[in-house]
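Participant: Chains C and V, in that order, give the protein sequences.
The opening position of the first sequence corresponds to residue 2 in this note's numbering, with each subsequent residue numbered one higher.
The opening position of the second sequence corresponds to residue 2 in this note's numbering, with each subsequent residue numbered one higher.
So that we are looking at the same thing, I have put the structure below in structure tokens.
There are 2 protein chains.
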Amino acid sequence: MPGESFVQKLRRVCEAHQSLVCVGLDPDPARMPLEDVLAFNNAIVDATYDLVCAYKPNMAFYEALGTAGLEALRGTVAHIRGCAPEVVVIGDAKRGDIGNTSRAYARALFEVWGFDAATVNPYLGGDSVEPFLSCQDRGVFLLCRTSNPGARDLQDLTIEDDGEPLYMHVARRAREWNVHGNVCLVVGATYPEELKRVRAVCPEMPILLPGVGAQAGDLEAAVRNGVDSEGRLAIINSSRGILYASRGPDFPQAARGATERLRDSINEVLCQEGKPWS
Amino acid sequence: MPGESFVQKLRRVCEAHQSLVCVGLDPDPARMPLEDVLAFNNAIVDATYDLVCAYKPNMAFYEALGTAGLEALRGTVAHIRGCAPEVVVIGDAKRGDIGNTSRAYARALFEVWGFDAATVNPYLGGDSVEPFLSCQDRGVFLLCRTSNPGARDLQDLTIEDDGEPLYMHVARRAREWNVHGNVCLVVGATYPEELKRVRAVCPEMPILLPGVGAQAGDLEAAVRNGVDSEGRLAIINSSRGILYASRGPDFPQAARGATERLRDSINEVLCQEGKPWS
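Now the structure itself:
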């Protein structure tokens with residue numbers, strides 16, 4: 002809706018669809034049951050949009066396919082806007098550059114691609130993040146503690162000042178930088194203890210949790226530790242587990258089944274926590 | 002030449018052109034004297050290619066212009082390959098994602114775009130960098146200490162283990178990860194003391210130095226502290242100072258003049274250091 006902030010839009014779709022599920026639209030030609038990326042994505046969207054709060058196309062998979070890939074991405078975003086305008090679309094781009102250049106990236110992600118939100122790498126610091134944040138109606142998901150094994154290499158280094166790991170410094174900076182209320186975080190579902198610590202210092206920030214499904218994160222712990230005090234504002238992403246649930250012609254139904262199971266499993270945890278959908 | 006590594010190609014063009022200059026091809030419609038990005042870039046390339054070792058298009062400026070921007074980038078790379086195949090082209094993309102996704106980015110940068118090298122953000126750790134490194138004939142420039150003011154926010158945090166800042170950990174990791182001899186670093190010319198420390202632990206690695214010109218780094222200190230023991234393997238980038246040296250129709254000549262002055266100033270420092278071109 003016009004004038005709505007990213008967090009408002011996110012809350013609205015989560016309530017409407019009773020879902021914290023995000024489907025990662027990461028087309029991999031080696032695994033897709035169709036050759037046509039746009040047709041594949043559209044079939045996935047058609048089969049799942051009423052069950053999700055978000056779609057998250059990762060730019061890498063489209064860029065790897067050249068012009069045709071980028072055209073497919075454009076078509077996919079248009080298709081989502083057509084059939085499910087209430088669903089948020091997160092451009093998973095992990096961009097970040099010096100201020101002048103981050104401004105160009107913000108324009109690309111929010112104006113050219115029209116994403117509701119984007120993922121941003123914080124390594125370059127505050128002035129690299131600011132041009133994204135100044136697009137006040139868009140969400141900015143800062144990488145905090147990522148889902149991969151190598152996350153330990155730098156993100157877990159202990160900072161001398163306070164004995165806390167680097168990713169906790171990112172979480173604290175994220176809170177400081179959140180003057181427009183549009184900062185969000187990325188924390189891997191594969192690391193529930195780290196997630197708990199981050200949630201404690203950022204109690205009211207949306208957190209995107211990749212790493213369930215193919216990356217085998219513990220879903221229950223991720224939900225429990227990822228949601229806010231009301232059982233909301235966690236976005237739980239699955240990509241490969243949904244897209245490639247079947248490699249036969251029944252892939253849309255299989256994707257719907259996998260999405261439904263994920264949504265229901267999450268909602269069961271919310272019920273156990275005494276925070277069901279109203 | 003076929004079978005040549007990135008570092009070999011870089012050394013060859015530096016010697017042939019007696020230059021450590023890289024021109025950053027960052028087209029900004031608000032400042033360009035021509036509307037046509039490809040025509041602008043081609044004019045800059047035609048006016049400067051014999052004076053440089055590298056061109057560095059930053060993806061952000063092309064992505065911000067949508068499909069037309071990406072077409073202009075494609076045409077620019079083809080133009081450089083046509084008139085100056087000896088010059089290296091560095092895709093300034095600052096990418097980095099979990100392993101599966103970094104593989105897609107590596108394909109995009111090295112196969113789709115055909116860059117000789119790319120810049121990569123190390124925040125996600127070893128497994129996010131590995132897919133780039135496994136393209137053994139391409140250079141991988143890891144962001145170490147960037148040129149912007151915000152670089153201090155995270156990169157300067159002191160790590161408890163050894164009392165060294167985060168960026169020095171990145172430099173040490175870069176050395177460990179360098180099993181194929183294709184790891185390079187990015188260190189801002191705006192921070193000559195930090196550059197000196199990095200060069201000391203990575204004595205033989207190419208270092209890309211952004212931040213002279215518009216960002217006002219101290220050129221002499223950057224050259225002195227950035228080169229290896231033989232006065233080589235530093236790549237000194239200027240973007241705005243060259244591209245927008247004139248906003249009139251004489252912009253190619255003005256760009257050539259600015260490039261020549263930068264090359265000569267650098268070469269003067271090399272002479273003072275007793276490391277002139279042969």
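Cβ atoms here follow ideal geometry from the backbone N, Cα and C, with glycine treated the same way.
Tell me, please, which residues DSSP counts as bridged to Thr-120 of chain C.
Facilitator: Along the first sequence, read from residue 1 onward, the residue named residue 120 of chain C stands at position 119. Paired residue(s): C:Phe-142.
Participant: Do Leu-196 of chain C and Asn-226 of chain C have their C-beta atoms within less than 7 angstroms of each other?
Facilitator: Translated into the one-based positions of the first sequence, residue 196 of chain C becomes position 195. Translated into the one-based positions of the first sequence, residue 226 of chain C becomes position 225. In this structure, Asn-226 of chain C lies closer than 7 angstroms to Leu-196 of chain C by Cβ.
Participant: For Pro-193 of chain C, which three-state DSSP category applies?
Facilitator: By one-based count along the first sequence, residue 193 of chain C stands at place 192. DSSP places Pro-193 of chain C in helix when its eight states are reduced to three.
Participant: Residues of the region 102-125 of chain C in Cβ contact with chain V at a cutoff of 7 angstroms, in chain order, please.
Facilitator: Thr-102, Ala-105, Tyr-106, Arg-108, Ala-109, Val-113, Asn-122, Pro-123, Tyr-124 and Leu-125
Participant: Taking Cβ to Cβ, would you say Phe-7 of chain C is nearer than 7 angstroms to Ala-118 of chain C?
Facilitator: Taking the first sequence and counting its residues from 1, the one referred to as residue 7 of chain C is at position 6. Taking the first sequence and counting its residues from 1, the one referred to as residue 118 of chain C is at position 117. Yes. Within cutoff.
Participant: Mind listing the chain V neighbours of Ala-61 of chain C? Cutoff is C-beta to C-beta under 7 angstroms, in chain order.
Facilitator: Here residue 61 of chain C refers to the residue found at position 60 when the first sequence is read from its first residue. Those are Asp-98, Thr-102, Ala-105, Tyr-106 and Ala-109, listed as they occur along chain V.
Participant: Rounded to whole angstroms, what's the CA-CA distance from Lys-10 of chain V to Gly-67 of chain C? Just pull it up for me.
Facilitator: Taking the first residue of the second sequence as position 1, residue 10 of chain V is located at position 9. Taking the first residue of the first sequence as position 1, residue 67 of chain C is located at position 66. Whole-angstrom Cα-Cα distance: 26 angstroms.
Participant: What's the gap between the Cα of Ala-192 of chain C and the Cα of Gln-19 of chain C?
Facilitator: Within the first sequence, numbered from 1, the residue matching residue 192 of chain C stands at position 191. Within the first sequence, numbered from 1, the residue matching residue 19 of chain C stands at position 18. Before going further, note that residue 192 of chain C is Tyr rather than Ala in the sequence given. Spanning the two alpha carbons is a distance of roughly 25 angstroms.
Participant: For chain B, find out if any of its Cβ atoms is closer than 7 angstroms to the Cβ of Glu-36 of chain V; answer yes or no.
Facilitator: Structure shown: chain B not included; protein chains present are C and V.
Participant: Using a Cβ-Cβ cut-off of 7 angstroms, state whether Glu-177 of chain V counts as contacting chain C.
Facilitator: Here residue 177 of chain V refers to the residue found at position 176 when the second sequence is read from its first residue. It does not; no Cβ of chain C falls within 7 angstroms.
Participant: Please name the residue in C:Gly-151, C:Met-60 and C:Pro-277 whose C-alpha comes closest to that of Tyr-106 of chain C.
Facilitator: Here the question's residue 106 of chain C lines up with position 105 in the first sequence. Cα-wise, what sits closest to Tyr-106 of chain C is C:Met-60.
Participant: Kindly indicate which residue of V:Glu-205, V:Val-224 and V:Asp-265 has the alpha-carbon position closest to the one of Pro-287 of chain V.
Facilitator: Nothing about residue 287 of chain V can be read from this structure; chain V reaches only from 2 to 279.
Participant: Measuring alpha carbon to alpha carbon, tell me which residue in V:Glu-274, V:Ser-247, V:Asn-179 and V:Asp-265 is nearest Gln-137 of chain V.
Facilitator: Within the second sequence, the letter at position 136 stands for residue 137 of chain V. Of V:Glu-274, V:Ser-247, V:Asn-179 and V:Asp-265, the residue nearest in Cα terms is V:Asn-179.
Participant: Would you list, in chain order, the members of the region 155-187 of chain C that have their beta-carbon closer than 8 angstroms to a beta-carbon of chain V?
Facilitator: Leu-155, Gln-156, Leu-158, Thr-159, Ile-160, Glu-161, Asp-162, Gly-164, Leu-167, His-170, Val-171 and Arg-174
Participant: With 16 other CB atoms within 10 Å as the buried threshold, where does Ser-230 of chain V fall?
Facilitator: Translated into the one-based positions of the second sequence, residue 230 of chain V becomes position 229. Burial state of Ser-230 of chain V is exposed, judged by a 10 Å Cβ sphere holding fewer than 16 other Cβ atoms.
Participant: Would you please state the rounded distance, in angstroms, between the beta carbons of Val-228 of chain C and Leu-209 of chain C? I believe it to be under 8 angstroms.
Facilitator: The residue labelled residue 228 of chain C in the question sits at position 227 within the first sequence. The residue labelled residue 209 of chain C in the question sits at position 208 within the first sequence. Incorrect: roughly 12 angstroms between the Cβ atoms, too far for contact.
Participant: Using a Cβ-Cβ cutoff of 9 angstroms, what residues of the region 126-153 of chain C are near chain V? List them in chain order.
Facilitator: Listed by position, the residues of the region 126-153 of chain C near chain V (Cβ gap below 9 angstroms) are Gly-126, Gly-127, Asp-128, Ser-129, Val-130, Glu-131, Leu-144, Thr-147, Ser-148, Asn-149, Pro-150, Gly-151, Ala-152 and Arg-153.
Participant: Let's see if you can read the secondary structure: which residues bound the alpha helix (DSSP H) around Val-270 of chain V?
Facilitator: Mapped onto the second sequence, residue 270 of chain V falls at position 269. In this chain, the alpha helix (DSSP H) harbouring Val-270 of chain V covers 252-273.
Participant: Residues in the same chain with beta-carbon distance under 7 angstroms from Ala-259 of chain V, minus the five sequence neighbours each way, listed in chain order, please.
Facilitator: As a first step, residue 259 of chain V is located in the second sequence; it is residue number 258 there, counting from the start. Cβ within range, chain order: Gly-242, Ile-243 and Ala-246.
Participant: Starting from Lys-367 of chain C, find everything on chain V with Cβ-Cβ shorter than 8 angstroms and list it in chain order.
Facilitator: With chain C running from 2 to 279 in the structure shown, residue 367 of chain C is simply not present.
Participant: The beta strand (DSSP E) with Ala-44 of chain V in it runs from where to where?
Facilitator: In the second sequence, the residue the question calls residue 44 of chain V occupies position 43. Taken as a continuous stretch (DSSP letters only), Ala-44 of chain V belongs to no beta strand (DSSP E), being part of the alpha helix (DSSP H) at 38-49.
Participant: CB-CB under 6 angstroms to Tyr-168 of chain V, same chain, minus the five flanking residues each way: which ones, in chain order?
Facilitator: For this step, residue 168 of chain V is matched to residue 167 along the second sequence. Cβ within range, chain order: Cys-145, Arg-146 and Gln-156.
Participant: Would you kindly check if the distance between the Cβ of Gly-189 of chain V and the Cβ of Ser-240 of chain V is under 7 angstroms?
Facilitator: If you number the second sequence from 1, residue 240 of chain V lands on position 239. If you number the second sequence from 1, residue 189 of chain V lands on position 188. It is not a contact, given that the beta carbons lie outside the stated cut-off.
Participant: Do you know offhand how far Glu-64 of chain V's Cα is from Val-78 of chain V's?
Facilitator: Stepping through the second sequence from its first residue, residue 64 of chain V is reached at position 63. Stepping through the second sequence from its first residue, residue 78 of chain V is reached at position 77. In this structure, the straight-line span from the alpha carbon of Glu-64 of chain V to that of Val-78 of chain V is close to 15 angstroms.
Participant: Roughly how far, in whole angstroms, is the beta-carbon of Arg-264 of chain V from the beta-carbon of Leu-52 of chain V, given that I think they are within contact range, below 8 angstroms?
Facilitator: Within the second sequence, residue 264 of chain V is the residue found at index 263, counting from 1. Within the second sequence, residue 52 of chain V is the residue found at index 51, counting from 1. That pair is a contact at about 5 angstroms.
Participant: Using a 10 Å radius around the Cβ and a threshold of 16 neighbouring Cβ atoms, would you call Ser-323 of chain C buried or exposed?
Facilitator: No answer is possible for residue 323 of chain C: it lies beyond the span of chain C, which begins at 2 and ends at 279.
Participant: Out of C:Glu-221, C:Pro-250 and C:Phe-252, state which residue places its alpha-carbon closest to the alpha-carbon of Asn-268 of chain C.
Facilitator: For the purposes of this step, residue 268 of chain C is taken as residue 267 along the first sequence, with counting starting at 1. From the listed residues C:Glu-221, C:Pro-250 and C:Phe-252, the smallest Cα separation to Asn-268 of chain C is found for C:Glu-221.
Participant: In chain order, what residues of the same chain have a beta carbon less than 6 angstroms from the beta carbon of Ala-255 of chain V, not counting five sequence neighbours either side?
Facilitator: Here residue 255 of chain V corresponds to residue number 254 of the second sequence, with the count starting at 1. The residues are Ala-246 and Ser-247.
Participant: Which word fits Arg-32 of chain V, buried or exposed, when buried means at least 16 other C-beta atoms lie within 10 angstroms of its C-beta?
Facilitator: Position 31 of the second sequence, counting from 1, holds the residue named residue 32 of chain V. Exposed: under 16 other Cβ atoms inside 10 Å.
Participant: Counting C-beta neighbours from all protein chains within 10 Å, is the total for Ala-201 of chain V 16 or more, i.e. buried, or is it exposed?
Facilitator: Looking up residue 201 of chain V in the second sequence gives position 200. Exposed: under 16 other Cβ atoms inside 10 Å.
Participant: Specify, as a first and last residue, the run of the beta strand (DSSP E) that Pro-58 of chain C falls within.
Facilitator: One-based indexing of the first sequence puts residue 58 of chain C at position 57. It spans 55-58 - the beta strand (DSSP E) in which Pro-58 of chain C sits, taken as one unbroken run.
Participant: Going by Cα to Cα distance, which pick from C:Leu-234, C:Leu-125, C:Glu-161 and C:Thr-102 is closest to Gly-140 of chain C?
Facilitator: Here residue 140 of chain C refers to the residue found at position 139 when the first sequence is read from its first residue. The option with the nearest alpha carbon to Gly-140 of chain C is C:Leu-234.
Participant: Just reading off the alpha helix (DSSP H) that Val-24 of chain V is part of, what are its end residues?
Facilitator: As a position in the second sequence, residue 24 of chain V is number 23, starting the count at 1. It is not in any alpha helix (DSSP H) - Val-24 of chain V instead sits in the beta strand (DSSP E) that spans 22-26.
Participant: Which residues of chain C have a Cβ atom closer than 7 angstroms to the Cβ of Gly-67 of chain V, listed in chain order?
Facilitator: Translated into positions along the second sequence, residue 67 of chain V becomes position 66. Per Cβ cutoff of 7 angstroms: Val-113.
Participant: By how many angstroms is the C-alpha of Pro-277 of chain C removed from the C-alpha of Thr-159 of chain C?
Facilitator: Residue mapping note: residue 159 of chain C aligns to position 158 of the first sequence, counting from 1. Residue mapping note: residue 277 of chain C aligns to position 276 of the first sequence, counting from 1. Taking the straight line from one Cα to the other gives about 37 angstroms.
Participant: Please work out which residues of its chain come closer than 6 angstroms, Cβ to Cβ, to Lys-95 of chain V, disregarding the five sequence neighbours upstream and downstream, and give them in chain order.
Facilitator: Here residue 95 of chain V refers to the residue found at position 94 of the second sequence. Excluding positions up to five away in sequence, the list reads Thr-120 and Asn-122.
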